[in-house]
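Q: Position 266 of the sequence shown, counted from 1, bears residue number 266 in the UniProt record's numbering, the numbering being contiguous throughout.
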Amino acid sequence: MQKISKIAVLTSGGDAPGMNPCIRAVVRTAIYNGLHVAGVRQGYQGLIDNNMYDMDPRSVSNILNLGGTILKTARCLPFRTDEGMETAYKNLKANGIDGLVVIGGDGTFTGALRFSKKYPDISVIGVPGTIDNDLYGSTYTLGFDTATNTVIEAIDKIRDTADAHDRLFFIEVMGRDSGAIALRAGISCGAEAILLPERDTAIEHLIENLKAGQYNKKSSSIVIVAEGDKRGAYDLAEEVRKQIKFYDIKVTILGHLQRGGSPSAFDRILGSRLGFAAVNALIKGETQKMVGLEANHIKLTDLEEALTQHQFKLEDDLMEMSDILSI
1 MQKISKIAVL
11 TSGGDAPGMN
21 PCIRAVVRTA
31 IYNGLHVAGV
41 RQGYQGLIDN
51 NMYDMDPRSV
61 SNILNLGGTI
71 LKTARCLPFR
81 TDEGMETAYK
91 NLKANGIDGL
101 VVIGGDGTFT
111 GALRFSKKYP
121 DISVIGVPGT
131 IDNDLYGSTY
141 TLGFDTATNT
151 VIEAIDKIRD
161 TADAHDRLFF
171 IEVMGRDSGA
181 IALRAGISCG
191 AEAILLPERD
201 TAIEHLIENL
211 KAGQYNKKSS
221 SIVIVAEGDK
231 RGAYDLAEEV
241 RKQIKFYDIK
251 VTILGHLQRG
261 GSPSAFDRIL
271 GSRLGFAAVN
281 ALIKGETQKM
291 VGLEANHIKL
301 TDLEEALTQH
311 QFKLEDDLME
321 MSDILSI
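The following block contains the structure:
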């Protein structure tokens, strides 16, 4: 079992609310256990550029409420090459670092696993930080709860103007491979239809539902479209516009709005728990693992498994409910 003396922490890929509470927990847990900590700026690019700095407990003061990440993040193509990884390894060794905590999504974990296999003397633990909630081994990923609440708040406001003008809104939310945000936000906001990458909704069925809503004297309709749906909000709106004349049809793409904002209480606590668990895993000699939360307990999952297994499927009762409650 390798004894850890200095840990580096980085955030990579898309930012997610809750990353800062996680960074804070990593830094303070490590220092409490007598370890040194280095913050890496700009993700894997920071490893290659040797853009690191020593952190102390005050380095992470007053960041629990901040969205984004104080360490910044970037996508780094050079880290995918052997030369880039070798440079990153040499910089880590030169800084006396023997443990690495990486916070991010599947792209981040893919790089971490490959790096760890190539240089096994650097122990690596992953923390799932992505609003898409699409990593196997954790029921919830950092940022998912906050992003869902942000979407709900936006849709509630859109509903007001939709009601005022008898409008039909197609609202596209993030979720390239997962409809988790779309499903929960749609149910929470009373959407008339929710289109997900996990199921194929025929355009005819959507038209039927919207016509039924108008027959039942609905003054507005909201259709939530996950970005992973193959047709996209604009194409769907155009298709529906050809067949439905009684609604004024509008499209709203929420986009990166969903990633920002102060993390919810859930994401602050989740980030703190996962950061705390990541450091303790390194101290215990674990490597090539992801820390996650399942049944409200911390669980370690092999990075290989987290990447190759699909996240749990969307709950059947929520899928059924989304149709029944929209009548």
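All residues carry an ideal CB built from backbone N, CA and C; glycine is no exception. Since the model is a prediction, treat every value here as computed from it, not as a measurement.
Could you name the residues that DSSP lists as bridge partners for F170?
A: Counting from one through the sequence shown, the residue named residue 170 turns up at place 170. Looking at the DSSP assignment, F170 forms a beta bridge with V223, V251.
Q: Less than 8 Å between the C-beta atoms of C189 and I244, yes or no?
A: Within the sequence shown, the letter at position 189 stands for residue 189. Within the sequence shown, the letter at position 244 stands for residue 244. No. Outside cutoff.
Q: In the DSSP output, what is G271 paired with across the bridge?
A: Working through the sequence shown from its first residue, we reach residue 271 at position 271. DSSP lists no partner for G271.
Q: Consult DSSP for D134 and reduce its assignment to one of helix, strand or coil.
A: As a first step, residue 134 is located in the sequence shown; it is residue number 134 there, counting from the start. Residue state, collapsed to three classes: coil.
Q: My output table needs one value for residue 331: the three-state DSSP class, helix, strand or coil.
A: Absent from the model: residue 331. The displayed extent of the chain is 1 to 327, so no value can be given.
Q: Short check: CB of T148 to CB of R184, under 8 Å?
A: Residue numbering aside, residue 148 sits at position 148 when the sequence shown is read from its first letter. Residue numbering aside, residue 184 sits at position 184 when the sequence shown is read from its first letter. For T148 and R184, yes; Cβs fall inside 8 Å.
Q: Between A112 and the rest of its own chain, which residues show a CB-CB distance below 6 Å, the 5 nearest in sequence each way excluded?
A: Counted from its first residue, the sequence shown places residue 112 at position 112. For A112, where only same-chain residues beyond five positions count, the Cβ hits under 6 Å are V102, V124, G126.
Q: With DSSP run on the structure shown, which of helix, strand or coil describes K117?
A: The count along the sequence shown starts at 1 and reaches residue 117 at position 117. If DSSP states are grouped into helix, strand and coil, K117 belongs with the helices.
Q: Please report the straight-line C-alpha distance between V223 and L196, rounded to a whole angstrom.
A: Here residue 223 refers to the residue found at position 223 of the sequence shown. Here residue 196 refers to the residue found at position 196 of the sequence shown. So the two alpha carbons sit approximately 11 Å from each other.
Q: Taking the alpha carbon of A16 as the reference point, which residue from V26, G261, G292, E320 has its own alpha carbon closest?
A: One-based indexing of the sequence shown puts residue 16 at position 16. Measuring from the Cα of A16, the nearest candidate turns out to be G261.
Q: Which residues mark the beginning and the end of the beta strand (DSSP E) in which K245 is found?
A: Residue numbering aside, residue 245 sits at position 245 when the sequence shown is read from its first letter. Note, K245: premise wrong, no beta strand (DSSP E); not H, not E.
Q: Please name the residue in P120, D248, T252 whose C-alpha comes closest to that of G232.
A: Along the sequence shown, read from residue 1 onward, the residue named residue 232 stands at position 232. Measuring from the Cα of G232, the nearest candidate turns out to be T252.
Q: According to the Cβ coordinates, are P21 and T146 closer than 8 Å?
A: In the sequence shown, residue 21 corresponds to position 21, counting from 1. In the sequence shown, residue 146 corresponds to position 146, counting from 1. Their beta carbons are not under 8 Å apart, which means P21 does not touch T146 by this criterion.
Q: Below 8 Å, how does it come out for the stretch 157 to 166 and the stretch 306 to 321: are there three or more Cβ pairs, yes or no?
A: No: the two stretches stay apart, fewer than three of their Cβ pairs being nearer than 8 Å.
Q: First and last residue of the beta strand (DSSP E) that includes G292?
A: The residue given as residue 292 occupies position 292 in the sequence shown. Per DSSP, G292 belongs to the beta strand (DSSP E) from 289 to 294.
Q: DSSP on Y140, reduced to helix/strand/coil?
A: Taking the first residue of the sequence shown as position 1, residue 140 is located at position 140. If DSSP states are grouped into helix, strand and coil, Y140 belongs with coil.
Q: For E227, which residues in the same chain have their Cβ closer than 8 Å to its Cβ, ignoring the five residues on either side in sequence?
A: Translated into positions along the sequence shown, residue 227 becomes position 227. Once the five neighbours on either side are set aside, the close Cβ partners of E227 are E172, V173, M174, G175, R176.
Q: So what does DSSP say about A233, is it helix, strand or coil?
A: The residue labelled residue 233 in the question sits at position 233 within the sequence shown. In the structure shown, A233 sits in a helix (DSSP, three-state: H, G or I).
Q: What is the rounded straight-line gap between the Cα of I283 and the Cα of K118?
A: In the sequence shown, counting from the first residue as 1, residue 283 sits at position 283. In the sequence shown, counting from the first residue as 1, residue 118 sits at position 118. Straight-line Cα distance between these residues: approximately 21 Å.
Q: For the 8 Å Cβ check, are there 3 or more pairs between the stretch 40 to 50 and the stretch 77 to 94?
A: Judged by Cβ distances under 8 Å, the stretch 40 to 50 makes contact with the stretch 77 to 94, as three or more pairs qualify.
Q: Using the beta-carbon count (16 or more within 10 Å), is E286 buried or exposed?
A: As a first step, residue 286 is located in the sequence shown; it is residue number 286 there, counting from the start. Label assigned to E286: buried.
Q: Quick one: grab the DSSP three-state call for K299.
A: Taking the sequence shown and counting its residues from 1, one reaches residue 299 at position 299. K299 falls in the strand class under three-state DSSP.
Q: Assuming L135 contacts A8 under a Cβ cut-off of 8 Å, what Cβ separation, rounded to an integer in Å, is found between them?
A: The residue given as residue 135 occupies position 135 in the sequence shown. The residue given as residue 8 occupies position 8 in the sequence shown. Going by Cβ atoms, the distance from L135 to A8 rounds to 21 Å, so no, they are not a contact pair.
Q: For the candidate residues N65, P120, L314, L300, whose alpha-carbon lies nearest to that of I4?
A: In the sequence shown, residue 4 corresponds to position 4, counting from 1. Per the Cα distances, P120.
Q: Mind checking which residues open and close the beta strand (DSSP E) that includes I103?
A: On the sequence shown, residue 103 is found 103 positions in, with the first residue counted as 1. From DSSP, the beta strand (DSSP E) with I103 extends over 99 to 104.
Q: Looking only at its own chain, which residues have a Cβ that is under 8 Å from the Cβ of A281, when we skip the five neighbours before and after it?
A: As a position in the sequence shown, residue 281 is number 281, starting the count at 1. Cβ neighbours of A281 beyond the five flanking positions: I125, K289, V291, L300.
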